[in-house]
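S.K.: As given, the protein sequences belong to chains A and B, one line each in that order.
Be aware that the first sequence starts at 1, since it is given in the numbering used here, and climbs by one per residue.
Be aware that the second sequence starts at 1001, since it is given in the numbering used here, and climbs by one per residue.
All C-beta atoms, glycine included, are put in the ideal place defined by N, C-alpha and C.
This one's a predicted model, so the numbers in the text were calculated from it and none came from an experiment.
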Amino acid sequence: MLGLGIESTAHTFSCAVIEKKGKKGKILSDVRKIYRPDDGEGIHPREASRHHIEHSSSVLSDCLRDAKISIKDLDIISYAAGPGLGPCLRVGAVVARSLASFYKIPIFPVNHAIGHIELGKLLTGASNPLVLLVSGGHTMLLAFLNKQWRVFGETLDITLGQLLDQFGRSIGFASPCGKNIEELASKSSNYVTLPYSVKGNDVSFSGLLSATKSVAKKSKIDACYSLQETAFAMIAESVERALSFTNKKELMIVGGVAANKRLSEMLKDVCKRHGCKFFVVPLQYAGDCGSQICWTGILESKVKEGVLLKNTFVTQSWRLDSVKIDY
Amino acid sequence: MVMKLIKKGAEADIYQTKWQNSNAILKIRKVKNYRNPILDLKIRKQRTLKEAQIISQVKSFGIPTPLVYFVDLEKSSILMQEIPGKTVHDLSESKIILLCKKIGKLVGMLHKNGIMHGDLTTSNFIYFKNNIFVIDFGLSQNTMKSEDHAVDLRLIKEILNSAHAKIMLPSWKNFLSGYKSVVGSEKYVKIIKIVSEIESRGRYAQVS
């Protein structure tokens, strides 16, 4: 079975083709174009959607060429229907709808966050993990129970990705800023005390953001170092709480911030303490990409027919714990 | 001293041991190497101290908690009475539904007396001889702020909704009725309103 997946929830426009044989999926191609705002600025939804429109046809044709297939070979088309930025989501949905209606191919709306998790499971081989989803849009701890992903902990305000991006922009970087902050942090080992806010299994980052901005006025490297140490220790603690509460023996991290080495190092240590296997999604597939959407659509297609074109909506706020999973 | 590791908790290792002639629990918040040492020391000391203080303080208004025998701040450890029951988390579903009313009352008593527990999960209530003991006060605070109390309620709601999803509705209903019976309807209405405010601040929450 061949599927096409289209991702356009935020800064990335991506198409991917996956071939499914038995239970295995093989990524035949995954092409992306990423919108980059100016230094010190965040994603402007309108500008990002224009970027996606401009690049949609070249990304699609490159993706089909790399996979060595033509559109007619496709069995299903999936698109990320939310959560995300409205103008951006609509671009992917329009492309998906046009292809589906012209070529009469079944179409599947997919939850972007579930996409991160399902591709993570495919690529790491984790079977029943506690999932830490850390990205610009999410900071959540999840476990699968009774046909749904259940939230065991999450941020009460901004996400880990937003924390890093908003702080990074305030010192002049362009989003996404995680990598720049990680580089600056590695130049310091001077810890400045910052607010540490864990509420049960939940975390709150807004106070930490303001406090770090004021530390940055004295030293940017100390601010980056202390920010990472504090925020990641909070995440690690919530992970420990959720592991000990759920008794899961696997931890999987997915999402853009999974690329951060310091975070994985800390979580590896947590897993060692709890006798738990540690999985991290391969760097190349940590950020948003079409493969996430494609694979989830393929899984959905095992138990569902495609959706009628008139029902192919996008939903900016679509929580993953509201999705019923029957496959 | 004979010590047997019985649980590696999130924050601390829990050992079964003896204090004079009775069974006791030793809770040690060990150094976490992954954490920056300054931050690590601060967290471990602060929580050990808070836990030891509040676990005794709440007895004065009738909350069953283990007796504290000995506190060692240098090692971040607390030696306390063993409550040889089962955690509510591990009981049968019908029993959990039933006990939620009593748990609601206990939480109401804590809040009424200005204590936020900070880590309200079903693993932190021990059912023993028809009584419920509250444990794990490491994240607790002395606070009369309704916002803090609402955070407590939100957490237990999240836990019921995830770990006990099948029995969420009756359990939550019982919890609330127990809670309301202690704090009174004025405070109850106020807190419930804040709980939904906190939920609506969450990511991608349905805004009603």
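The beta strand (DSSP E) spanning Ile1210 of chain B covers which residue range?
M.R.: The question about residue 1210 of chain B has no answer, for chain B in this structure spans 1001 to 1208.
S.K.: Can the beta-carbon of Ala1012 of chain B be found less than 7 angstroms from the beta-carbon of Arg1029 of chain B?
M.R.: The residue you call residue 1012 of chain B lines up with position 12 of the second sequence. The residue you call residue 1029 of chain B lines up with position 29 of the second sequence. Their beta carbons are under 7 angstroms apart, which means Ala1012 of chain B touches Arg1029 of chain B by this criterion.
S.K.: Given a cut-off of 7 angstroms, decide if Met140 of chain A and Glu118 of chain A are closer than it, judged by their beta-carbon atoms.
M.R.: Residue mapping note: residue 118 of chain A aligns to position 118 of the first sequence, counting from 1. Residue mapping note: residue 140 of chain A aligns to position 140 of the first sequence, counting from 1. The answer is no: Cβ separation not under 7 angstroms.
S.K.: Please check if any C-beta of chain B sits within less than 7 angstroms of the C-beta of Asp269 of chain A.
M.R.: Your numbering for residue 269 of chain A matches position 269 in the first sequence. It does; some Cβ of chain B falls within 7 angstroms.
S.K.: Is there a Cβ of chain A sitting closer than 7 angstroms to that of Ala1010 of chain B, yes or no?
M.R.: As a working mapping, residue 1010 of chain B is identified with position 10 in the second sequence. Taking Cβ atoms only, chain A reaches closer than 7 angstroms to Ala1010 of chain B, which makes this a yes.
S.K.: Going along chain B in order, which residues have a C-beta closer than 8 angstroms to the C-beta of Asn146 of chain A?
M.R.: Stepping through the first sequence from its first residue, residue 146 of chain A is reached at position 146. What Asn146 of chain A touches in chain B: Ala1165, Lys1166.
S.K.: Under 7 angstroms, CB to CB, which of the residues in the region 1096–1120 of chain B have a partner in chain A?
M.R.: Hits within the stretch, in order: Gly1118, Asp1119, Leu1120.
S.K.: Measuring only the C-alpha atoms, how far is Gln1057 of chain B from Leu320 of chain A?
M.R.: Position 57 of the second sequence holds residue 1057 of chain B. Position 320 of the first sequence holds residue 320 of chain A. Approximately 41 angstroms, taken between the alpha carbons.
S.K.: Identify whether Thr12 of chain A lies in helix, strand or coil by the three-state DSSP scheme.
M.R.: Position 12 of the first sequence, counting from 1, holds the residue named residue 12 of chain A. In the structure shown, Thr12 of chain A sits in a strand (DSSP, three-state: E or B).
S.K.: Name, please, each residue of chain B whose Cβ falls closer than 9 angstroms to the Cβ of Phe152 of chain A.
M.R.: Taking the first residue of the first sequence as position 1, residue 152 of chain A is located at position 152. Near Phe152 of chain A (Cβ distances below 9 angstroms), the residues of chain B are Glu1158, Ile1159, Ser1162, Ala1163.
S.K.: Under 7 angstroms between beta-carbons, which chain A residues line up against Ser1123 of chain B? List them in chain order, please.
M.R.: In the second sequence, counting from the first residue as 1, residue 1123 of chain B sits at position 123. Neighbours of Ser1123 of chain B on chain A, chain order: Phe245.
S.K.: Examine chain A for any beta-carbon lying closer than 7 angstroms to the beta-carbon of Ser1208 of chain B, and answer yes or no.
M.R.: To locate residue 1208 of chain B, count along the second sequence from 1; it is residue 208. Because the pLDDT at Ser1208 of chain B is just 41, under 50, the model does not fix this residue reliably, and the value given afterwards should be weighed accordingly. Not one chain A Cβ lies under 7 angstroms of Ser1208 of chain B.
S.K.: With distances taken from CA atoms, which of B:Asn1113, B:Lys1027, B:Lys1095, B:Met1080 is nearest Ile1063 of chain B?
M.R.: Position 63 of the second sequence, counted from the start, is the residue given in the question as residue 1063 of chain B. Selected option, being the one with the closest Cα: B:Asn1113.
S.K.: According to DSSP, is Leu74 of chain A helix, strand or coil?
M.R.: For the purposes of this step, residue 74 of chain A is taken as residue 74 along the first sequence, with counting starting at 1. Coil.
S.K.: Out of A:Gln166, A:Ala96, A:Ala258, A:Pro37, which one is the CA nearest neighbour of Glu7 of chain A?
M.R.: Residue mapping note: residue 7 of chain A aligns to position 7 of the first sequence, counting from 1. When only C-alpha atoms are compared, the closest one is A:Ala96.
S.K.: Using a cut-off of 8 angstroms between C-beta atoms, extract the partners of Asn1033 of chain B located in chain A.
M.R.: Mapped onto the second sequence, residue 1033 of chain B falls at position 33. Within chain A, the residues near Asn1033 of chain B are Asp269.
S.K.: Counting contacts by CB-CB distance shorter than 7 angstroms, is Arg241 of chain A in contact with chain B?
M.R.: Here residue 241 of chain A refers to the residue found at position 241 when the first sequence is read from its first residue. Output row for Arg241 of chain A: interface = yes.
S.K.: In three-state terms, what does DSSP make of Phe205 of chain A?
M.R.: Counting from one through the first sequence, the residue named residue 205 of chain A turns up at place 205. Of the three classes helix, strand and coil, the one that applies to Phe205 of chain A here is coil, per DSSP.
S.K.: Using a Cβ cut-off of 7 angstroms (strictly closer), state whether Val1071 of chain B contacts chain A.
M.R.: For the purposes of this step, residue 1071 of chain B is taken as residue 71 along the second sequence, with counting starting at 1. No - not a single Cβ of chain A is within 7 angstroms of the one on Val1071 of chain B.
S.K.: For Thr230 of chain A, go through chain D and note every residue whose CB falls closer than 7 angstroms to its CB, in chain order.
M.R.: Of the protein chains in the structure, A and B, none is chain D.
S.K.: Quick check on DSSP: helix, strand or coil for Arg1029 of chain B?
M.R.: What you label residue 1029 of chain B is simply residue 29 of the second sequence in a count that begins at 1. Arg1029 of chain B falls in the coil class under three-state DSSP.
S.K.: Drop a sphere of 10 angstroms on the beta-carbon of Leu1073 of chain B, count the other beta-carbons inside from all chains shown, and report buried for 16 or more, exposed for fewer.
M.R.: Reading the second sequence from its first residue, position 73 is the one you call residue 1073 of chain B. When all chains shown are included, Leu1073 of chain B counts as exposed.
S.K.: Could you spell out where the beta strand (DSSP E) holding Gln1081 of chain B opens and where it closes?
M.R.: Walking along the second sequence from the start, residue 1081 of chain B turns up at place 81. Counting along the chain, the beta strand (DSSP E) containing Gln1081 of chain B begins and ends at 1077–1081.
S.K.: By the criterion of Cβ-Cβ separation under 9 angstroms, what are the contact partners of Gly1178 of chain B in chain A?
M.R.: Indexing the second sequence from 1 puts residue 1178 of chain B at position 178. Residues of chain A passing the Cβ test: none, with the nearest at roughly 19 angstroms.
S.K.: When the Cα of Leu1139 of chain B is compared with those of A:Phe144, A:Val198, A:Asp165, which residue comes out closest?
M.R.: By one-based count along the second sequence, residue 1139 of chain B stands at place 139. That would be A:Val198, whose Cα lies nearest to the Cα of Leu1139 of chain B.
S.K.: Residues of chain A with CB under 7 angstroms from Arg1201 of chain B, in chain order?
M.R.: Position 201 of the second sequence, counted from the start, is the residue given in the question as residue 1201 of chain B. Near Arg1201 of chain B (Cβ distances below 7 angstroms), the residues of chain A are Leu156, Asp157.
S.K.: Do we get a CB-CB distance below 7 angstroms when we pair Lys261 of chain A with the residues of chain B?
M.R.: Walking along the first sequence from the start, residue 261 of chain A turns up at place 261. Not closer than 7 angstroms to any Cβ of chain B, the Cβ of Lys261 of chain A fails to qualify, so no.
S.K.: Please look up how many angstroms separate the CB atoms of Trp318 of chain A and Gly82 of chain A, rounded, as I've assumed it's under 8 angstroms.
M.R.: Within the first sequence, residue 318 of chain A is the residue found at index 318, counting from 1. Within the first sequence, residue 82 of chain A is the residue found at index 82, counting from 1. The Cβ separation is near 4 angstroms, so the contact holds.
S.K.: Thinking just about the alpha-carbon of each residue, which of A:Gly172, A:Val91, A:Phe144, A:Gly84 is nearest to the one in Ser135 of chain A?
M.R.: On the first sequence, position 135 is the one that residue 135 of chain A refers to. Answer by Cα proximity: A:Gly84.
S.K.: Does chain A have any CB closer than 7 angstroms to the CB of Asn942 of chain B?
M.R.: The question about residue 942 of chain B has no answer, for chain B in this structure spans 1001 to 1208.
S.K.: Would you call the region 32–39 of chain A in contact with the region 1–15 of chain A, where contact means no fewer than 3 C-beta pairs closer than 8 angstroms?
M.R.: Yes: the two stretches touch, three or more of their Cβ pairs being nearer than 8 angstroms.
S.K.: Step through the CB atoms of chain B and report whether any lies within less than 7 angstroms of the CB of Pro83 of chain A.
M.R.: Counted from its first residue, the first sequence places residue 83 of chain A at position 83. It does: the Cβ of Pro83 of chain A has a partner Cβ on chain B nearer than 7 angstroms.
S.K.: Any C-beta of chain A sitting closer than 7 angstroms to the C-beta of Leu1155 of chain B?
M.R.: The sequence position of residue 1155 of chain B within the second sequence is 155, counting from 1. Answer yes: the Cβ-Cβ gap between Leu1155 of chain B and chain A drops below 7 angstroms somewhere.
S.K.: Excluding the five sequence neighbours on either side, which residues of its own chain have a C-beta within less than 7 angstroms of the C-beta of Val1068 of chain B, listed in chain order?
M.R.: As a working mapping, residue 1068 of chain B is identified with position 68 in the second sequence. Closer than 7 angstroms at the Cβ level, and outside the excluded window around Val1068 of chain B, lie Ala1052, Ile1055, Ser1056, Ile1078, Met1080.
S.K.: Have a look at Ser291 of chain A and Ala16 of chain A and give me their C-alpha separation to the nearest angstrom.
M.R.: As a position in the first sequence, residue 291 of chain A is number 291, starting the count at 1. As a position in the first sequence, residue 16 of chain A is number 16, starting the count at 1. The straight-line gap from Cα to Cα measures roughly 5 angstroms.
S.K.: Would you say Tyr191 of chain A faces chain B, with C-beta separation under 7 angstroms as the test?
M.R.: Working through the first sequence from its first residue, we reach residue 191 of chain A at position 191. So, interface residue.
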